[in-house]
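Peer 1: Those sequence lines, one after another, are chains Z and W. Letter by letter, the first sequence follows residues 8 to 165 of our numbering. Letter by letter, the second sequence follows residues 300 to 444 of our numbering.
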Amino acid sequence: MKIRNRGEAEKSGLNMTSMIDVVFLLLIFFVMTFKIVELEGDFSVRMPLAGNESMTTDPTDLPLKLRLQADENGKLTTMALNEINLGTDFDQLRANVVELIGTTAPVEGEDGPEIEIDTDYNLRYEYVIRSITAVSGYKQGNEVVKLIEKIKFAKPRR
Amino acid sequence: MRVKSKKVDLAEGDLTPMIDMVFQLIAFFMVLINFAQTESNDRVKLPSSQLVKPPEVPLEFPIILHVAQDGEIILGGDDYTAETLSVGLRKELAVIKAEGKTVADANVVIRAHKDTSAGDVQEVIRVAQDQKLENFALRVKEDNS
């Protein structure tokens with residue numbers, strides 16, 4: 008019995024070469040432009056020019072003063088909150104803020120307590136942000152407990 | 300005469316799994332690609348904080364100032380110093396005023412390098428205050444650790 012050659016029927020596959028070329032080009036494009044997105048957020052600081060600011064007469068509204076001192080390399084050496092020396096411990100700073108403003112009824116918005124940050128000129132910005140973090144609040148689980156929302160800077164020290 | 304049919308050696312591998320994988324990779328990168336990264340600058344490495352959250356609503360009329368480690372300020376692709384920054388800010392404010400808004404509506408977003416001097420950032424704020432700007436946002440990286 009004669010068996011027919013069936014080989015011809017199987018050659019009807021698509022030519023994939025061009026598609027694979029394009030697909031690899033796309034892949035390379037996306038790999039090269041890929042960058043992991045870092046989530047960013049803001050600390051809001053409302054600071055009108057000192058002359059325009061309405062002066063508060065109530066002595067209880069006086070802002071807390073945080074003094075940050077640096078060595079010649081810009082490293083934090085001492086912190087002082089209302090003249091209370093805190094060394095370089097940000098947890099201690101937070102504890103003192105909690106003690107000063109109280110935690111029972113945190114006031115939010117415009118009427119809340121205010122802090123003025125007076126820093127040495129050459130202090131690294133990272134320490135300023137760490138101190139702002141310490142005075143702004145703390146995390147309790149996934150909740151953020153707010154402390155001071157009004158932050159301002161003293162005049163730069165040259 | 301009888302011609303013998305030549306057997307072409309069809310030693311092609313099965314491309315299907317490879318194409319599947321490649322398409323999956325493309326889909327992955329396409330979903331994660333973020334074209335709206337115009338705010339970032341390579342010279343700025345932000346400090347991080349556990350308290351910040353990405354804003355739900357983007358800031359209105361932002362003026363983004365990048366402060367590099369050496370204190371140089373980058374605004375809209377141009378380099379400025381604390382002395383010349385007011386020129387750049389005036390240009391930005393002219394745009395905002397042309398849209399019928401006031402200076403108080405603008406938000407100055409300060410993206411400062413974590414190792415820059417705090418005084419340089421204060422100088423930036425002082426120059427912006429001289430232009431009657433009053434809303435500032437200190438941008439930091441979210442720290443989930």
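Every residue, glycine too, gets a C-beta built ideally from N, C-alpha and C.
Considering A102 (chain Z), what are the terminal residues of the alpha helix (DSSP H) in which it resides?
Peer 2: Indexing the first sequence from 1 puts residue 102 (chain Z) at position 95. First-last of the alpha helix (DSSP H) with A102 (chain Z): F97 to I108.
Peer 1: Below 9 Å between beta carbons is the criterion; list the residues of the stretch 122-146 of chain Z that meet it against any residue of chain W, in chain order.
Peer 2: Those would be I124, T126, D127, Y128, N129, L130, R131, Y132, E133, Y134, V135, I136, R137, I139, T140, S143, G144, Y145 and K146, in chain order.
Peer 1: Would you identify the three-state DSSP class for Q428 (chain W), choosing helix, strand or coil?
Peer 2: Translated into the one-based positions of the second sequence, residue 428 (chain W) becomes position 129. In the structure shown, Q428 (chain W) sits in a helix (DSSP, three-state: H, G or I).
Peer 1: Under a CB-based cut-off of 8 Å, is D414 (chain W) close to chain Z?
Peer 2: To locate residue 414 (chain W), count along the second sequence from 1; it is residue 115. True, the Cβ-Cβ gap to chain Z drops below 8 Å.
Peer 1: If you follow the beta strand (DSSP E) that D49 (chain Z) is part of, which residue opens it and which one closes it?
Peer 2: Here the question's residue 49 (chain Z) lines up with position 42 in the first sequence. Run containing D49 (chain Z): E47 to R53, per the beta strand (DSSP E) assignment.
Peer 1: Tell me which residues share the same chain as T111 (chain Z) and place their Cβ nearer than 7 Å to its Cβ, disregarding the 5 neighbours each side in the sequence.
Peer 2: Reading the first sequence from its first residue, position 104 is the one you call residue 111 (chain Z). Any reading at T111 (chain Z) must be qualified, since the residue scores a pLDDT of 46, below 50, and its modelled position is unreliable; no value is offered.
Peer 1: Kindly indicate the opening and closing residues of the alpha helix (DSSP H) around E121 (chain Z).
Peer 2: For the purposes of this step, residue 121 (chain Z) is identified with residue 114 of the first sequence, where counting begins at 1. Note, E121 (chain Z): premise wrong, no alpha helix (DSSP H); beta strand (DSSP E) at E121 to T126.
Peer 1: So with CB distances below 8 Å, who are the chain W contacts of L34 (chain Z)?
Peer 2: Here the question's residue 34 (chain Z) lines up with position 27 in the first sequence. Per Cβ cutoff of 8 Å: V321, L324, I325 and F328.
Peer 1: Per DSSP, M86 (chain Z) forms a beta bridge with which residues?
Peer 2: Here residue 86 (chain Z) is taken as the residue at index 79 of the first sequence, counted from 1. BP columns for M86 (chain Z) point to Z:L75 and Z:G94.
Peer 1: Any beta-carbon of chain W closer than 8 Å to the one on M86 (chain Z)?
Peer 2: Numbered from 1 along the first sequence, position 79 holds the residue referred to as residue 86 (chain Z). No, M86 (chain Z) lies away from the interface with chain W (no Cβ there is under 8 Å from its Cβ).
Peer 1: For P361 (chain W), list the residues DSSP reports as bridge partners.
Peer 2: By 1-based counting over the second sequence, the position of residue 361 (chain W) is 62. P361 (chain W) is bridged to W:N406.
Peer 1: According to DSSP, what are the bridge partners of V439 (chain W)?
Peer 2: Locating residue 439 (chain W) in the second sequence gives position 140, where the first residue counts as 1. According to DSSP, V439 (chain W) bridges with Z:G48.
Peer 1: Would E391 (chain W) be called buried (16 or more neighbouring beta carbons within 10 Å of its own) or exposed?
Peer 2: Within the second sequence, the letter at position 92 stands for residue 391 (chain W). Its Cβ being crowded by 16 or more others within 10 Å, E391 (chain W) is buried.
Peer 1: How about M39 (chain Z) and F160 (chain Z): do their beta carbons lie closer than 8 Å?
Peer 2: Within the first sequence, residue 39 (chain Z) is the residue found at index 32, counting from 1. Within the first sequence, residue 160 (chain Z) is the residue found at index 153, counting from 1. Not closer than 8 Å, so no.
Peer 1: How should N434 (chain W) be labelled, buried or exposed, when 16 other C-beta atoms within 10 angstroms of its C-beta is the threshold for buried?
Peer 2: Within the second sequence, residue 434 (chain W) is the residue found at index 135, counting from 1. The residue is buried, with at least 16 neighbouring Cβ atoms inside 10 Å.
Peer 1: To the nearest whole angstrom, what separates the beta carbons of Y143 (chain Z) and K157 (chain Z), a pair I think is in contact under 8 Å?
Peer 2: Residue 143 (chain Z) sits at position 136 when you count from the first residue of the first sequence. Residue 157 (chain Z) sits at position 150 when you count from the first residue of the first sequence. At residue 143 (chain Z) the sequence reads Ser, which differs from the Tyr that was named. Going by Cβ atoms, the distance from S143 (chain Z) to K157 (chain Z) rounds to 10 Å, so no, they are not a contact pair.
Peer 1: Can you tell me whether G81 (chain Z) is buried or exposed? The criterion is at least 16 other CB atoms within 10 Å of its CB, across all chains shown.
Peer 2: Sequence index remark: in the first sequence, residue 81 (chain Z) carries index 74 (1-based). The residue in question, G81 (chain Z), is buried, as its Cβ has 16 or more Cβ neighbours within 10 Å.
Peer 1: Distance check for R137 (chain Z) and Q147 (chain Z), CA to CA, integer angstroms please.
Peer 2: Numbered from 1 along the first sequence, position 140 holds the residue referred to as residue 147 (chain Z). Numbered from 1 along the first sequence, position 130 holds the residue referred to as residue 137 (chain Z). For Q147 (chain Z) and R137 (chain Z), the distance between alpha carbons rounds to 17 Å.
Peer 1: Excluding sequence positions up to five away, which residues of its chain have a Cβ less than 6 Å from the Cβ of I124 (chain Z)?
Peer 2: Your numbering for residue 124 (chain Z) matches position 117 in the first sequence. If we look at I124 (chain Z) and ignore the five residues flanking it on each side, its Cβ neighbours are L73 and F160.
Peer 1: When the Cα atoms are used, what is the spatial distance from M317 (chain W) to I332 (chain W)?
Peer 2: By 1-based counting over the second sequence, the position of residue 317 (chain W) is 18. By 1-based counting over the second sequence, the position of residue 332 (chain W) is 33. About 22 Å.
Peer 1: Alpha carbon to alpha carbon, what distance is there between A381 (chain W) and E371 (chain W)?
Peer 2: Position 72 of the second sequence, counting from 1, holds the residue named residue 371 (chain W). Position 82 of the second sequence, counting from 1, holds the residue named residue 381 (chain W). Rounded to whole angstroms, E371 (chain W) to A381 (chain W) spans 8 Å at the Cα level.
Peer 1: Thinking C-alpha only, which one of W:L432, W:Q368, W:I424 and W:R389 is nearest P346 (chain W)?
Peer 2: Counting from 1 along the second sequence, the entry for residue 346 (chain W) is found at position 47. Closest by alpha carbon: W:Q368.
Peer 1: According to DSSP, what are the bridge partners of E150 (chain Z)?
Peer 2: Within the first sequence, the letter at position 143 stands for residue 150 (chain Z). According to DSSP, which records beta bridges pairwise, E150 (chain Z) is partnered with Z:Q147.
Peer 1: So what's R164 (chain Z) in DSSP terms, helix, strand or just coil?
Peer 2: For the purposes of this step, residue 164 (chain Z) is taken as residue 157 along the first sequence, with counting starting at 1. Three-state result, R164 (chain Z): coil.
Peer 1: Using a Cβ-Cβ cutoff of less than 6 Å, which residues in the same chain neighbour D378 (chain W) once the five nearest sequence positions on both sides are dropped?
Peer 2: Walking along the second sequence from the start, residue 378 (chain W) turns up at place 79. Counting only Cβ-Cβ distances below 6 Å, and skipping sequence neighbours, we find E371.
Peer 1: Given that A397 (chain W) touches chain Z, what residues does it touch there, using C-beta distances under 8 Å?
Peer 2: Taking the first residue of the second sequence as position 1, residue 397 (chain W) is located at position 98. Ordered by position in chain Z, no residue passes the 8 Å Cβ test against A397 (chain W), which lies about 23 Å from the chain.
Peer 1: Taking 8 Å as the threshold (beta carbon to beta carbon), is E156 (chain Z) in contact with chain W?
Peer 2: Mapped onto the first sequence, residue 156 (chain Z) falls at position 149. Chain W contact via Cβ: absent.
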